[in-house]
Each structure stands twice: as C-alpha cells, then as structure tokens.
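Accompanying notes for the structure given below.
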Amino acid sequence: MTLPKTFFGRSKTFAVLSIMLSMIVLMSFVVNNTRINNNANKEVKDSVQSVKAFMEVYKVLMSPRCMNCHPSGDVPLQGDDSHLHTMSPTRGKDGKGVYAMKCSNCHQPENSPGPNAPPGDPNWHLPPSNMKMVFQGRTPYQLAKQIMDRKLNGNKSKEQLIAHADDGLVLAGWNPGEGRTVPPLSHEEFKKAWITWIQTGAYAPSPKSK
Amino acid sequence: MINLTINKKNYEVDVDPNTPLLWVLRDTLGLVGTKYGCGVAQCGACVVHLNGEAVRSCVTKVSRAVDQKVVTIEGLSENNDHPLQKAWMELDVPQCGYCQSGQIMSAAVLLRENKNPTDQDIYNAMEGNICRCGTYLRIQKAIKLAAEIQRKDL
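Residue numbers (the working numbering), protein chains in the order written: chain A, 1 to 210; chain B, 211 to 364.
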C-alpha cells in the first residue's frame, strides 16, 4: 500500500513544528527556573538593612500567634497573654502530644467556631522534642542566630527558610479564629521582611538589642 | 447521606456534615453514653475514639468521621469487661458519673500505648478530663489497677 506524497509532506511539517514548539517550551522553563533560583540565591549583603528587617520579623515571631507554639518548656502557651495552655498538654516526642492529649484530639483541621474555641490546622503541632526551636525568652540576637543555625532550625537552608514563610501552620497565625489577635504585621509585610533579612545576609542584631 | 462505622456497626445518617459528631451519636443514633459538657473541647466529657485516638466529639465535625472507625463507651468492650471497666467497678470510682465515660475513653488510649503508666504518665494523659465530683484519686488508682489487670490478661 502506498500513501500519497502530501501525507509525508504534512507529517514532516508537523514533526518540525512540534520539535520547535517543544524547544520553546523547554527554553522558557529553563529561563524561568533560573530566574527563580537566582531570586532565592540573590544575596546582596547589607547588615544595616538586614538587621532592620529582622527586627520587624522578630515582632511577629514573638507575637502570641507564633510564640505560643514555640515555648521554652514542653507545654504550649495559650491566649494573647501567652499563659500556659490549660490542661497542660505536653509536647511528646514528635511534637503532637501524648496519649489522650494529642493536639489533633481538640485542634481540628480548621478553626472551631465560636470565641476562643480551639483554633485548627490539619498539621497542628509543636516542634519535636529533639528540635524544640524555642522562641519564648529569646533576644533578637539569640533568635536570629538560632534560626540560621542548621543544627537548630531543622536543617533548613536559606531557600527552605524562605519557603517556610508560606508554610500552612505559619499562615494559620493570620487566621487564628475568633477572639485572638493577629501578628503585628500582615503576612505580606512579614514575608517581605523575612526574605529581606535572609537575602541581605541574615545578620543578627547586636546582643544588646531588645 | 453520611456513612459512619461506630462500634463496628455501619450507619447511614442524614445530617449536615458540619454537625458535631457528639450530636449525631446522641441525638441521631441514641448512643447517649457519651456526654455533653462544655462544647468547646475543655472538659473531656465527650471523648470517643476516632481511629483509636481520644478525640473530643463536641468539636469534631461528623464529616471527619466519615469512613473512619469510631468507638464510644458502648463499644469499648463486648461485655463491659475492659480492664478499665473492671477496675472502675472494683474501686467504685464514679460519684455522679457524668464525666466517667470520657475519663475511661481517655484512659483506654493511655493503657493501649503504655502498659505500665507511672503517676506522671497518668497526669499527662488525663489532665484534660475534668471531674466536678473530684474523683481524681480513685481514677488514678483505677488506672493503675486496670494496668495490672491488663498485664495479667495478656
């Protein structure tokens, strides 16, 4: 059986166009990815700007919505006055509580309705017992150093730290449920300060800063 | 319609998916051993097991229980002979009794995960269950006794 010449002609044109189109798509992907990586790695050291940005970040990290789950002990904090969580639930090995007192027994995948009812998130937890990531009581200097120390930050690189600003549990701080205040900066402002701090060298403020 | 498996039985219920599991258990299915206390996960009277975990059914939407395993106090044992139930009867733990099904359901998770709990383990597990009659000391003793019974039964 023979096929007409026009069939081969059209197939050839189609094949050439397909290859060209694939190359354009591939190139745009590479260019785009390079741009993203460049952004993540773009570091222009500026200690003044970096410290200034961290002091904004610090205000958020020390607000009850962040600090309450980064306590110095093994019991989380609660409320805008950061008192010890009623019922004294404990951290447990994985940060998700113990026995009949696991976080998700009360904290649902979403906020429970009503003032001061348990706030929720599908992944509600404290940092695990082998990586406590304490915020409570830390000075700006101590906290900045701690966050950038891979032995104390869950082995996060700068890129991973930047991505962490959009973590579900971080975002939950700005959706705390009825009866709770939100952090002093919007999430957008926080993220901007966070990225600025990291990309300008992640400098720690002076040990005397408060 | 919502499909639920409670105490190894399948149910099909026509309720709003946002309804607290507690109200489906009590009002729709008549399983009234689980009690309403505070409605905001503060007291522990409404504890049931959801896939083995001691959830507070007053804040747990019934949608979270769809196609999962729920166990209430009515299904903890076949003949009221769970080691905790034996110990509770032996030591006459309840006074008014209102909080006791929640207490037992919480203690059951403790004993499943820790066969020989210390006093501190018991505090850590039971801090979220309030008893207005103050039966805490008997609860503490009964959990220790239940652990003993459980170890002998095994």
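C-beta atoms are modelled at their ideal positions from N, C-alpha and C, and glycine is treated no differently.
Pair within 7 Å by beta-carbon distance, residue i and residue j
| i | j | result |
| --- | --- | --- |
| V276 (chain B) | I212 (chain B) | yes |
| S112 (chain A) | V234 (chain B) | no |
| E56 (chain A) | Q199 (chain A) | no |
| A100 (chain A) | A264 (chain B) | yes |
| K279 (chain B) | T215 (chain B) | yes |
| S72 (chain A) | G137 (chain A) | yes |
| N81 (chain A) | T181 (chain A) | Checking the displayed sequence, the identity of residue 81 (chain A) turns out to be Asp instead of Asn. Result no, Cβ atoms of D81 (chain A) and T181 (chain A) do not sit closer than 7 Å. |
| Q313 (chain B) | I353 (chain B) | no |
| F54 (chain A) | A144 (chain A) | yes |
| V51 (chain A) | F190 (chain A) | no |
| L232 (chain B) | T282 (chain B) | no |
| N123 (chain A) | L185 (chain A) | no |
| S129 (chain A) | R91 (chain A) | yes |
| S267 (chain B) | P227 (chain B) | no |
| N217 (chain B) | E288 (chain B) | no |
| G97 (chain A) | P109 (chain A) | no |
| M315 (chain B) | V257 (chain B) | yes |
| W194 (chain A) | A163 (chain A) | no |
| I147 (chain A) | N153 (chain A) | yes |
| P119 (chain A) | P183 (chain A) | no |
Among the options, the one whose alpha carbon lies nearest that of residue i
| i | options | result |
| --- | --- | --- |
| P230 (chain B) | B:T328, B:A318 and B:K245 | B:K245 |
| Q252 (chain B) | B:T215, B:I359, B:R361 and B:G338 | B:G338 |
| G179 (chain A) | A:G114, A:A165 and A:Q160 | A:G114 |
| K132 (chain A) | A:Q108, A:P76 and A:L84 | A:P76 |
| L161 (chain A) | A:P119, A:T86 and A:A202 | A:A202 |
| D329 (chain B) | B:L347, B:C341, B:I340 and B:E323 | B:L347 |
| K158 (chain A) | A:T196, A:E188 and A:P183 | A:T196 |
| P327 (chain B) | B:S311, B:Q360 and B:I340 | B:Q360 |
| K325 (chain B) | B:P293, B:G247, B:E222 and B:Y221 | B:P293 |
| T139 (chain A) | A:E188, A:C103 and A:S209 | A:S209 |
| T86 (chain A) | B:E323, B:A297, B:K219 and B:I340 | B:I340 |
| Y58 (chain A) | A:L171, A:K102, A:R150 and A:Y141 | A:Y141 |
Cβ-Cβ separation, residue j to residue i (assumed contact under 8 Å), whole Å
| i | j | result |
| --- | --- | --- |
| L126 (chain A) | C66 (chain A) | Going by Cβ atoms, the distance from L126 (chain A) to C66 (chain A) rounds to 12 Å, so no, they are not a contact pair. |
| L286 (chain B) | A318 (chain B) | 6 Å |
| Y308 (chain B) | A255 (chain B) | 7 Å |
| C343 (chain B) | Q305 (chain B) | 4 Å |
| D331 (chain B) | L321 (chain B) | In fact, because the Cβ distance is near 10 Å, the residues do not count as touching under 8 Å. |
| K351 (chain B) | L301 (chain B) | 6 Å |
| G243 (chain B) | S311 (chain B) | 5 Å |
Under the three-state DSSP convention, the category residue i falls into
| i | result |
| --- | --- |
| N37 (chain A) | Confidence in N37 (chain A) is poor, its pLDDT being 44 and thus under 50, which makes the residue's placement unreliable; the coordinate value appears in the next sentence. Helix. |
| T2 (chain A) | Because T2 (chain A) sits at a pLDDT of 46, beneath the cut-off of 50, its placement in the model cannot be relied upon, and the point is left open. |
| F187 (chain A) | Reading off the sequence shown, one finds His at residue 187 (chain A), where the question assumed Phe. Here H187 (chain A) sits in helix by DSSP. |
| M131 (chain A) | coil |
| L214 (chain B) | strand |
| N105 (chain A) | helix |
| V30 (chain A) | Confidence is the limiting factor: at V30 (chain A) the pLDDT is only 49, short of 50, which leaves the residue's position unreliable, though a coordinate-based value still follows. In this structure, V30 (chain A) counts as helix in the three-state DSSP scheme. |
| K45 (chain A) | coil |
| G97 (chain A) | strand |
| D363 (chain B) | helix |
| Q278 (chain B) | coil |
| H164 (chain A) | helix |
| A264 (chain B) | strand |
| E358 (chain B) | helix |
| V258 (chain B) | strand |
| V319 (chain B) | helix |
| Q350 (chain B) | helix |
| E222 (chain B) | strand |
| F8 (chain A) | Below a pLDDT of 50, predicted positions are generally treated as unreliable, and F8 (chain A), at 49, falls in that range; no measurement from the model is reported. |
| K296 (chain B) | helix |
| Q305 (chain B) | coil |
With 16 other Cβ atoms within 10 Å as the buried cut-off, status of residue i
| i | result |
| --- | --- |
| P207 (chain A) | exposed |
| V48 (chain A) | exposed |
| R35 (chain A) | Confidence in R35 (chain A) is poor, its pLDDT being 43 and thus under 50, which makes the residue's placement unreliable; the coordinate value appears in the next sentence. So R35 (chain A) counts as exposed. |
| G95 (chain A) | buried |
| N261 (chain B) | exposed |
| R236 (chain B) | buried |
| H259 (chain B) | buried |
| D167 (chain A) | exposed |
| D121 (chain A) | buried |
| V31 (chain A) | Residue confidence is low: V31 (chain A) scores 47 on pLDDT, short of 50, so the model does not pin down where it sits. No coordinate-derived value is stated. |
| H83 (chain A) | exposed |
| L290 (chain B) | One point to set straight first is that residue 290 (chain B) is Asn, not Leu, in the sequence displayed. N290 (chain B) comes out exposed. |
| N105 (chain A) | buried |
| K93 (chain A) | exposed |
| K271 (chain B) | buried |
| K151 (chain A) | exposed |
Heavy atom of the ligand GDP within 6 Å of residue i beta-carbon
| i | result |
| --- | --- |
| G97 (chain A) | This structure lacks the ligand GDP; in fact it carries no ligand of any kind. |
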